[in-house]
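Student: Going by my numbering, the letters in the sequence shown line up with residues 1 to 470, in that order.
Note that beta-carbon positions come from the ideal geometry of N, C-alpha and C, so glycine has one too.
Just so we're clear, the structure is a prediction, and the values are computed from it rather than from any experiment.
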Amino acid sequence: MNEWLDPLLLSRWQFGLTTVYHFLFVPLTIGLAFTVALFQTAWVRTDKAKYLELTHFFGKIFLINFAMGVVTGIVQEFQFGMNWSDYSRFVGDVFGAPLAFEGIIAFFLEATFIGLWIFGWDKLPRGLHLATIWLTTAGSIASAYFILAANAFMQNPIAFRINEERGRAELTSIGELLANPIALASFPHTIFACFMVSSGLVISVAAWHLLRKQHEESMRPALKLGMWMMVVSGALTTFFGDSLSLAMTAAQPMKMAAAEAMYKTATGAEASFSIFTLGTPDGVSELFSIRIPYLLSFLSTHTLNGTVEGIDNLQAQYVSLYGPGDYTPTIWITYWAFRWMIGLGIAHILVAVVGLWLTRGGRSPQATWVWKIAIWSFPFSLLAMSVGWIFTEMGRQPWLVFGLLRTEDGVSPNVSGVEILISLIAFTLIYGALAVVEFKLILQAVRKGPAPLAEPDPVSGKVKPQVTVY
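Here is the structure:
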């Protein structure tokens, strides 16, 4: 019973659940802001009513998701002080700087212009109103960069010095911190993955309506845009993911070794990548596997004969550097999260590619199974990004800040396991209720579809936007 009341274990569960829950809203918010901006731009340039319908429709889903993301994000930041006070005390001077930039610059930009976008439909000129959604998009993307820069410090701590007198890390250069190689590599990979999530939603919603032969005039262009956006953003996500793997291997070679469950150092063909493996959860004993020779070597070094260090060698190195301890992350989580991320990513890119082929030249597939498969684009894309984030964070363990602060040393010393358990249960119940509300609101909006627009103005022939749609 005592081990279930371990403050460290419960704090990790609480922060992990809060982070994963919050992360469900983040990529959709970033991606939908961009998607809505594209639809509104198409309307401003062409004055076609279908693009205005899509702007209002996906804009409503965007706002529902944005509101929920703000709520869950605030709670997440409180936990730094509640459950991880020793971590906050030790690295707060460094970690807090990009978070302050995110709140003061990026979030204020995003919140200000999203308000102007909501209430400015009948008050601002078209071009100026269009600028507000693009500035909202810019704010959400800038916000993501500052958050990723803060996280990059945990993956690859730079731009700091240790103040021995105060017993904490202190920032030495904000420019160097924001230019962390991990941040520079993870930012485009993450942003284009966000676009994959939003395009997955567009594909799923459009396929659902087209399966029922409703709202066809607006849903056909939505489907086309979603599929092209999925293919392009998927290709760019893969490209920048390759750059991230190089940066990750340089900063955290143990994470790459754990991603393959590779215990012995390997070179060339022996540094293979296993697509699927049967064996013990920790990867020590392998019964069967499907492997691609040289691939892990290429992913890690961009050469076919590069050397990839194994878990055993790295464990020995870390013991000599940091003292006794187990420096290996949970292998089965890192191994399978990495593969689910890649597999699901490829799956919904293929759905988009096949969809573009089947709908070429204005064609419309008659088989219902085509639309039913397309509906899974959004769950696949969201799950792929979620397990990718789990891999990123779990692959860093047992460190909170790699090579600098262990997870066990960052937990709050004066918070009991009972207190954390109570708050964990409370958060879970509240988040569960919020999830039901969020799901019902979005599902209701999706099923209703785009609202019909007013008749065109008899003088100008233009359709006026609906002011009260939100």
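(1) Count the other CB atoms, across all protein chains shown, that sit within 10 Å of the CB of residue 40; report buried if there are 16 or more and exposed otherwise.
(2) Distance check for residue 371 and residue 358, CA to CA, integer angstroms please.
(3) So, are the CB atoms of residue 382 and residue 17 less than 8 Å apart?
(4) Look up residue 404 in the DSSP assignment and say whether it is helix, strand or coil.
(5) Once DSSP output is grouped into helix, strand and coil, what is the label at residue 171?
(6) Let me make sure I understand the geometry here. Which of 188, 238 and 29 has the alpha-carbon closest to that of residue 348?
(7) Does the region 21 to 36 come into contact with the region 58 to 70, if we say contact requires no fewer than three beta-carbon pairs (one atom in each stretch) closer than 8 Å?
(8) What number of angstroms, rounded off, separates the C-alpha of residue 197 from the C-alpha of residue 431?
(9) Taking the Cβ atom as the reference point for each residue, do residue 100 and residue 139 lie within a distance shorter than 8 Å?
(10) Measure the Cβ-Cβ separation of residue 14 and residue 422 and say whether it is below 8 Å.
(11) Are the region 41 to 50 and the region 227 to 245 touching, with three or more C-beta to C-beta distances below 8 Å?
(12) For residue 87, I'd like the list of residues in its chain whose CB is within less than 6 Å of its CB, leaving aside the five on either flank, ordered along the chain.
(13) Run the CB neighbour count on residue 206, radius 10 Å, all protein chains shown included, and call it buried at 16 or more, exposed below.
(14) Here's the rule: buried if 16 or more other CB atoms are within 10 angstroms of the residue's CB, otherwise exposed. What is residue 468?
(15) Between residue 64 and residue 442, what straight-line distance do the alpha-carbon atoms span, to the nearest angstrom?
(16) For residue 406, which residues from the same chain have a beta carbon less than 8 Å from its beta carbon, with the 5 sequence-adjacent residues on both sides left out?
(17) So, helix, strand or coil for residue 297, using DSSP?
(18) If contacts are defined as beta-carbon pairs under 8 Å, then residue 132 and residue 120 qualify, I think. What distance do you get, rounded to the angstrom?
(19) Three or more C-beta pairs under 8 Å: does that hold for the region 150 to 165 against the region 114 to 129?
(20) Does the region 247 to 258 come close enough to the region 208 to 223 that 3 or more CB-CB pairs lie under 8 Å?
(21) Strictly by DSSP, which residues pair up with residue 206?
(22) Check residue 289 in the structure and name its three-state DSSP category.
(23) Can you tell me whether residue 49 is buried or exposed? The criterion is at least 16 other CB atoms within 10 Å of its CB, across all chains shown.
Tutor: The answer reads as follows:
(1) To locate residue 40, count along the sequence shown from 1; it is residue 40. The residue is buried, with at least 16 neighbouring Cβ atoms inside 10 Å.
(2) Position 358 of the sequence shown, counted from the start, is the residue given in the question as residue 358. Position 371 of the sequence shown, counted from the start, is the residue given in the question as residue 371. Going by the C-alpha atoms only, they are around 11 Å apart.
(3) Indexing the sequence shown from 1 puts residue 382 at position 382. Indexing the sequence shown from 1 puts residue 17 at position 17. Here residue 382 is not near residue 17, since their CB atoms are 8 Å or more apart.
(4) Here residue 404 refers to the residue found at position 404 when the sequence shown is read from its first residue. Residue 404 falls in the coil class under three-state DSSP.
(5) Reading the sequence shown from its first residue, position 171 is the one you call residue 171. Note: residue 171 maps to strand in three-state DSSP.
(6) Residue mapping note: residue 348 aligns to position 348 of the sequence shown, counting from 1. Among 188, 238 and 29, the Cα nearest to that of residue 348 belongs to 238.
(7) In short, these stretches touch, since the Cβ pair count reaches three.
(8) In the sequence shown, residue 197 corresponds to position 197, counting from 1. In the sequence shown, residue 431 corresponds to position 431, counting from 1. So the alpha carbons of these two residues sit roughly 21 Å apart.
(9) Counting from one through the sequence shown, the residue named residue 100 turns up at place 100. Counting from one through the sequence shown, the residue named residue 139 turns up at place 139. Not closer than 8 Å, so no.
(10) Within the sequence shown, residue 14 is the residue found at index 14, counting from 1. Within the sequence shown, residue 422 is the residue found at index 422, counting from 1. Pairing residue 14 with residue 422 gives a Cβ-Cβ distance that is not under 8 Å.
(11) No, the region 41 to 50 does not touch the region 227 to 245.
(12) For the purposes of this step, residue 87 is taken as residue 87 along the sequence shown, with counting starting at 1. Within its own chain, the residues whose Cβ lies closer than 6 Å to the Cβ of residue 87, once the five positions on either side in sequence are excluded, are 400 and 410, listed in chain order.
(13) The residue labelled residue 206 in the question sits at position 206 within the sequence shown. It counts as buried.
(14) For the purposes of this step, residue 468 is identified with residue 468 of the sequence shown, where counting begins at 1. With a pLDDT of only 47 at residue 468, under the threshold of 50, the placement of this residue in the model should not be trusted; the figure read from the coordinates follows. Under the 10 Å beta carbon count, residue 468 is surrounded by fewer than 16 other beta carbons and is classified as exposed.
(15) One-based indexing of the sequence shown puts residue 64 at position 64. One-based indexing of the sequence shown puts residue 442 at position 442. Spanning the two alpha carbons is a distance of roughly 7 Å.
(16) Here residue 406 corresponds to residue number 406 of the sequence shown, with the count starting at 1. The residues 325, 398, 399 and 400, in chain order, have a CB closer than 8 Å to that of residue 406 in the same chain once the five nearest residues on each side in sequence are set aside.
(17) Counting from 1 along the sequence shown, the entry for residue 297 is found at position 297. Here DSSP, grouped into helix, strand and coil, assigns residue 297 to helix.
(18) As a first step, residue 132 must be located in the sequence shown, where it is residue number 132. As a first step, residue 120 must be located in the sequence shown, where it is residue number 120. Between residue 132 and residue 120 the beta-carbon gap is near 6 Å, inside 8 Å, which marks them as a contact.
(19) These segments do not touch.
(20) Fewer than three Cβ pairs drawn from the region 208 to 223 and the region 247 to 258 lie within less than 8 Å of each other, which leaves the two stretches out of contact.
(21) One-based indexing of the sequence shown puts residue 206 at position 206. BP columns for residue 206 are empty, so no partner.
(22) Locating residue 289 in the sequence shown gives position 289, where the first residue counts as 1. DSSP places residue 289 in strand when its eight states are reduced to three.
(23) Translated into the one-based positions of the sequence shown, residue 49 becomes position 49. Counting every other CB atom within 10 Å of its CB across the protein chains shown gives residue 49 a total of 16 or more, marking it as buried.
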